[in-house]
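-4 is the number of the first residue of the sequence shown in this note's numbering; add one for each residue after it.
Okay, structure first, notes after.
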Amino acid sequence: MPQPHRTDEQDLVLPCGFDDIVRVIDRYVVDRRAGVRPRRRSSRHRLPALLFVREPAAGTTSAATDAAGVAAADTGRGEADPALSALVHVYHHRLVRLTTGETGHLASLAPHALVDEELLACDRPAEDGEVYEGPHVRLLDRVARQLRTTMPDGSGTLRLTEFDACLSVLRADIAPGDVKDERRALRDRIYDKYAWKFGFAAEVTRLGDDLGAKQWSAITRVVTTPLAWLWRWSYGVRIDRGARFRWVGGMLDEPGRSFLNAAMSLRDAQLRSRAQERAGQEAPADAGAPAAAAQAAMSVVSARDEAVVRQVLLTALIHDLARAARPPVWSVRRPRRRWPFVLLLPTVGGDDSPSRKLLNSFSAVSEDVGTCPVLVLGAATADIPPYAVGLPRQGIPFQGTRHGDNGTTDRAVASLLAAGASGQPVEAVRVVPLSRVPDSGTAAERPVVQRTVRSRDRRAGDWLRPVVAAAAVMAVVAAGLSQVLRPGETRPGTGGDAKPPATDTWCPRVSTGERVGITDGSDHCELAHGLYAPELRELEARLGRQNAGVDRTKPYRTLVFFAPLSVGSTSRRTVPTGFQMLRGALLAQKQVNDLNLKSQMPIRLLVANAGEYFAFGSRGGINTTNHSDVDVARMIVDRIDRDHIAGVIGLTQSRPESLQAAIELDARGVTVLGTGVSGQPMVEGDSPVSYFQLSAPDARVARIMASFARHSPRLAALTKVGPGHTAPAAVVVFDPHDRYFSADLKKRFTDAYSSAGPVYPVPYGESGNDSQTPSVAAGICALIRRTDGFILYAGRSSVMHDLFYYLQSDKQCRTHQGRVAVLAESPAPNLVLHPELMPQEYGSLSLFYSQFSLPDAQGPFVRNFRKSFEVSSDSDAAAGYDAVKVFFKVMNEISVTDPQFTPSAVVTFLQSTGVTDYVGESGIMTIGKGHKYPVDKEVDIREITEDGTKITGLTCGAVSAKAAAVTRWGPSGSFFCPEDD
-4 MPQPHRTDEQ DLVLPCGFDD IVRVIDRYVV DRRAGVRPRR RSSRHRLPAL LFVREPAAGT
56 TSAATDAAGV AAADTGRGEA DPALSALVHV YHHRLVRLTT GETGHLASLA PHALVDEELL
116 ACDRPAEDGE VYEGPHVRLL DRVARQLRTT MPDGSGTLRL TEFDACLSVL RADIAPGDVK
176 DERRALRDRI YDKYAWKFGF AAEVTRLGDD LGAKQWSAIT RVVTTPLAWL WRWSYGVRID
236 RGARFRWVGG MLDEPGRSFL NAAMSLRDAQ LRSRAQERAG QEAPADAGAP AAAAQAAMSV
296 VSARDEAVVR QVLLTALIHD LARAARPPVW SVRRPRRRWP FVLLLPTVGG DDSPSRKLLN
356 SFSAVSEDVG TCPVLVLGAA TADIPPYAVG LPRQGIPFQG TRHGDNGTTD RAVASLLAAG
416 ASGQPVEAVR VVPLSRVPDS GTAAERPVVQ RTVRSRDRRA GDWLRPVVAA AAVMAVVAAG
476 LSQVLRPGET RPGTGGDAKP PATDTWCPRV STGERVGITD GSDHCELAHG LYAPELRELE
536 ARLGRQNAGV DRTKPYRTLV FFAPLSVGST SRRTVPTGFQ MLRGALLAQK QVNDLNLKSQ
596 MPIRLLVANA GEYFAFGSRG GINTTNHSDV DVARMIVDRI DRDHIAGVIG LTQSRPESLQ
656 AAIELDARGV TVLGTGVSGQ PMVEGDSPVS YFQLSAPDAR VARIMASFAR HSPRLAALTK
716 VGPGHTAPAA VVVFDPHDRY FSADLKKRFT DAYSSAGPVY PVPYGESGND SQTPSVAAGI
776 CALIRRTDGF ILYAGRSSVM HDLFYYLQSD KQCRTHQGRV AVLAESPAPN LVLHPELMPQ
836 EYGSLSLFYS QFSLPDAQGP FVRNFRKSFE VSSDSDAAAG YDAVKVFFKV MNEISVTDPQ
896 FTPSAVVTFL QSTGVTDYVG ESGIMTIGKG HKYPVDKEVD IREITEDGTK ITGLTCGAVS
956 AKAAAVTRWG PSGSFFCPED D
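Shown next, in the form of C-alpha cells:
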C-alpha cells in the first residue's frame, strides 16, 4: 500500500485534549462493540462518522452552523480548518506497527483505508477504447484494495462479493446490442471473473498420462461438460434472482427481482455521467446562454447519476464488510474480527471534494443498511457539511464525574460511540470540535509511538470454537435421537423440578428490589440497581473485560470485593462508598496482571453486593436484620474451590451484619481485608482471627479529631469558647442505634473532648423517619446559635446530604456570624470528589473531614486512576487499590514454596510473618503479626474552603517507610498527635 506524505511529527502540535479523544477512538478500533455486554448486543449497530473541526473562536458563531439551523448555544459544531488534515494522518500512522518477529514487516492493527485525493488526481486518464470509470469508482476501488491489504495478520482474507460484482458490472466492456445479449454478457463476465470453476483435481488429471491423451480428453468432456454447464446455469440464476443482490433494484427503482436488469440500469447511469463529464470538458468556453443552460441541466443529471453509482458501490461494500466482520459462529477467525473497518478522510473539503462526496454518500446510505461496521474519521478542511450534527451538550454531571470544561469532548465522543455500539439510533455524521489551545508542546509523535491500539493475537484456543460447535451439534442430534427412540422416558421441561437459572442462584432479587450476590462481570448477574445503577453497570463491564484476560488454564487466584453496592428501589441515599474502592481494586488488578514478573500469581476479581446497609451480606448470629434465606457470605464460601478464592476485600462499613459476614468467612479460613472500616468492635470482641483492616479504628480517630477540635486555628476562627472551657462546644450528631460505628465514635469522642469543651449529643440516624430531619436540623442550628460551637458529625455518609440540606435551609444557621463548622469522620463521597459542591450548595457550612491518606496528586496512581475512570481519586480509592496490592504481595511470597496454597495459608502468613512497612497509596502500613490494623496508621484532617478547594489541617502517623511516625501537627508543630494504642 503506498504511504501518504508523512507529517513532520516534531513540528505538529496537537490540540489540547486530542490525546483523550484518541484513546476513546482506540477503544472502539480494538473492539467495535466495546462496553456492550453480550446479551445486550443488538444485531444492528452503527458507529457514527466523526468529523474533526476547530472549535469556534470566542464570541463568534460559525456561519455554517447558523445555516444548518443549529442553535448558537450548541457547542458541538465549530469551524473548518485545513490544518486538521494532519491529525487524521497522525491517526493513520497509529494503525500500523513494525513487528518484532523474524520478518520485521509492517503489520496492520486494524483494517483501514486512507483517501488520498492527491494520488487520485494523479491517476492516468483512460485511453481511446478503454472504459472510463470516473474518479468516484476509482476512489472506492482504492478503498477496497487498502482494506484488503491492511487486514491484520492471522485474520484471514477479506472477501468483497457484492462490491466486486457491482464493480465488474461497471467495468464490463460490452458492445451495445440486444437486451438479452447484454444480460448474458454481464452474467458471463461475473462468472468468469469471480465464480469457482468446475474441474478435476490435479491428482485425477494425472490419470490421463496412463490412459492416453485422446481417451482422457473424451472422458473429461463427457463428465465435465454437463456439470460445468449446470454449475454456470445455477450460478447465473443465483446471481440474477438471489436475495443477496435484490437491494440493487430497490436503490435504482428498478421493478422486479432481477439483478442483471438492475445492473444494466446501473451501467446506464455510469455511462451517462461519464459522457456528460467528457462533453463538459470538450465544450467551448464561449458557448451561448442557451447552450450554457442546457449544459447546467445536464450537469445536474450527471451529478445525480454519479451519486447513485457511488451509493450503490458504497452500499455493496458495507454489506460485504458487515458480513466479514461477523464470520459464522464456528469460524476460527470470529474471535479476532472484533475491530471495525476504519475509513480515514483527511481532506473533507467543499462540495466538489471527492472525500466530501464520499461522506455525503455514507451519510445517505449508512442509516439504511442496518449494521455498518465502518468507523469514519475525517477532517473538515473547507466547510462543514450541513447534515453533520454537533456533539450533544453536557448536562448535569452524574455521580462520580468531575466538574469543569476539560474532558467534556472526549466524554461526548465516548457516549456517542457507546450508543452506536449498543445498537441505539445515532446520527450518521457528528462533528468533533477540537480546542484551539495547543497541548503544552505535545508532538504528534507521541500518539504514534505510545500506542494503546492492540489487535487481538491468534490463540490456540480459537480452534475450540469450531470444535466445540461441532461437538455441540452432534450432542444435540444424539440427544434428540435418543429421546425419539425412547419415548417412554421423562423429557426435560415436561415434569419434575426445574433447575433454577443462574441469576436465582448467584444474584437473587430481594425484597428491596435489589439484586444481591456475586458476579464476575460476564455471567449475566447484573447487580446494578437503584439510583446509582449506571455507575455500577460500567464497573461490572470493566470487571468482565479484565477477568476475560486471565488465563484460567494456568494457576491463578480470585479475590472478592464484598460491599454494599446498591440501594433499594425507593432509596435516595447517597452513592455507596464502595464505588471508589472498587475502582481502586479494578485498577490494581489490571496493573498487577499486566506485570511480567518471573513469578507472579494472576488475580481474578469477583464483586459481591451485600445490599443496602449490608443487610443481605450475612445471616444469623449477630445479624438480626436479615430474615430472608439470602446469605452472600455463604455464596462466597460455596465458590471457594470453584473460583480458587484466596481472600475477600472491602466490607466498607462497620456493622453487625458485616462482622457476621467476616465470621462466616473465617469459618472456612478466608482472610478478610477491610477497607474504609473504622468501628472499634470490628477489631475487638467478636472479631475473627482472619479479619484485618487497612484503616485506623475509631479509638485513634476519635482522639485525633478531639485534638483537632481543641487546637485547630481554622476551626477556632468559626467558633467561640464559652466561659469555664478551653475549647468550643461540640454538637455531636450520632445514630444511637448504630452501635458498631456512630454510637461508638460518639462515646469515644466525648471521652476525649468533654474535659475541654461541652458536648451536646443530638440523635439522628439512617433508619429514622425522613420527616424528622427538619426538626433535627432546627435543633442543631439552635444549639450552634446559642453556643457558637461546631458540629461533630458521627453519622453515616449516606444521610449527610439530607441533614446538610435542612441545615442550609435553616434561618438560624444561615444568619449565624460566619459559616458553621462541621467536623466529620465519614463525609458524603461526592463532596470529597467534587469539593466545589460545598460552597455551591451548602454555603453556610464549612466541612472538615478525616481520611486515612493523602495520595500524591502528581503521582502515577492519581494519573492512572483519572485516566481509567475519568473521576478524581481519594483515600477510599487508594484503600481499594492497596488491598489488592497487599494480597498480591502475600500470595506471591506464599506461592514460591506452596504453589497450590489454600485460603488459610494467607491467614497463617499474616499471623506469623505479616507485612512490614508496605508503601501503599493509602499510606505506610505494617499489618499482621499481632496487628489487626496498621500500626500508627496515617490520619489526615482536611478542610473544604470557601472557594471549593481542599487543604490539609492535620497529619499524624506513619507517612514514610522505615521512619518515625509524625507525632506533632499544627503551626510549627505546636500540638502533639495522640499516640496509637
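Even glycine gets a Cβ: it sits at the ideal position worked out from N, Cα and C.
If you draw a straight line from the Cα of Val243 to the Cα of Leu577, it is about 52 Å long. The three-state secondary structure of Pro550, taken from DSSP, is coil. Put simply, of Asp263, Val17, Leu316 and Asp315 the residue whose alpha carbon is nearest the alpha carbon of Ser297 is Asp263. Met920 is bridged by DSSP to Tyr913.
By the neighbour-count criterion, in which 16 or more other beta carbons inside 10 Å mark a residue as buried, Glu974 falls on the exposed side.
One thing to note: Gln584 has its Cβ within 8 Å of the Cβ of Leu600. DSSP places Gly539 in no beta strand (DSSP E) but in the uninterrupted alpha helix (DSSP H) bounded by Ala528 to Ala543. Closest in C-alpha terms to Trp964, from the list Ala704, Lys880, Leu842 and Ala816, comes Ala704. In the three-state scheme derived from DSSP, where H, G and I count as helix and E and B as strand, Glu362 is classed as helix.
With contacts defined as CB atoms closer than 8 Å, Ala697 and Phe729 fail to qualify as a contacting pair. Within the same chain, and ignoring the five residues on either side of Met795 in sequence, the residues whose Cβ sits closer than 6 Å to its Cβ are Ala823.
By the Cβ criterion, the region 543 to 553 is in contact with the region 630 to 642, since at least three pairs of Cβ atoms, one from each stretch, lie closer than 8 Å.
Distance between Ile919 and Glu535, taken at the CA atoms: about 30 Å.
Three or more beta-carbon pairs separated by less than 8 Å are not found between the region 734 to 744 and the region 705 to 715, which leaves the two stretches without contact. Residues of the same chain with a CB within less than 7 Å of the CB of Ser358, apart from the 5 flanking positions on each side, are Tyr382, Ala423 and Val424 in chain order.
With fewer than 16 neighbouring CB atoms inside 10 Å of its own CB, Asp851 falls in the exposed class. Val164 sits close to Ala258, with the two beta carbons spaced by under 8 Å. Between Ile658 and Gly606, the gap from beta carbon to beta carbon reaches 8 Å or more. Under DSSP, His107 shares a beta bridge with Val337. Tyr876 has its alpha-carbon roughly 37 Å from the corresponding atom of Ser749.
Taking the Cα of Val427 as reference, the smallest distance to any Cα among Glu916, Val83, Gln767 and Asp111 is reached at Val83. Look at Pro676 here: in three-state DSSP terms it is helix. DSSP lists Arg937 as the bridge partner or partners of Thr947. Collapsing the DSSP output to three states places Val511 in coil. For Val562, the closest alpha carbon among the candidates Leu42, Ser890 and Arg504 is that of Arg504.
The DSSP assignment places complete alpha helix (DSSP H) segments of no fewer than 4 residues inside the region 763 to 808 at 768 to 782 and 795 to 804, in order along the chain. Between Phe13 and Leu429, the alpha-carbon positions lie close to 7 Å from each other.
Taking 8 Å as the cut-off, the beta carbon of Leu370 is found no closer than this to the beta carbon of Val343. DSSP places Leu135 in no beta strand (DSSP E) but in the uninterrupted alpha helix (DSSP H) bounded by Pro130 to Thr144. For Pro368, DSSP records no beta bridge to any residue. Taking 8 Å as the cut-off, the Cβ atoms of Cys808 and Val815 count as close. Taking C-alpha positions only, Thr962 is separated from Asn604 by approximately 39 Å. Asn825 has its alpha-carbon roughly 50 Å from the corresponding atom of Gln306.
DSSP, read as helix, strand or coil, puts Gln812 in coil.
Judged by beta-carbon spacing, Leu668 lies within the 8 Å limit of Phe882, meaning their Cβ atoms are closer than that value. Around the Cβ of Val463, a 10 Å sphere holds fewer than 16 other Cβ atoms; the residue is exposed.
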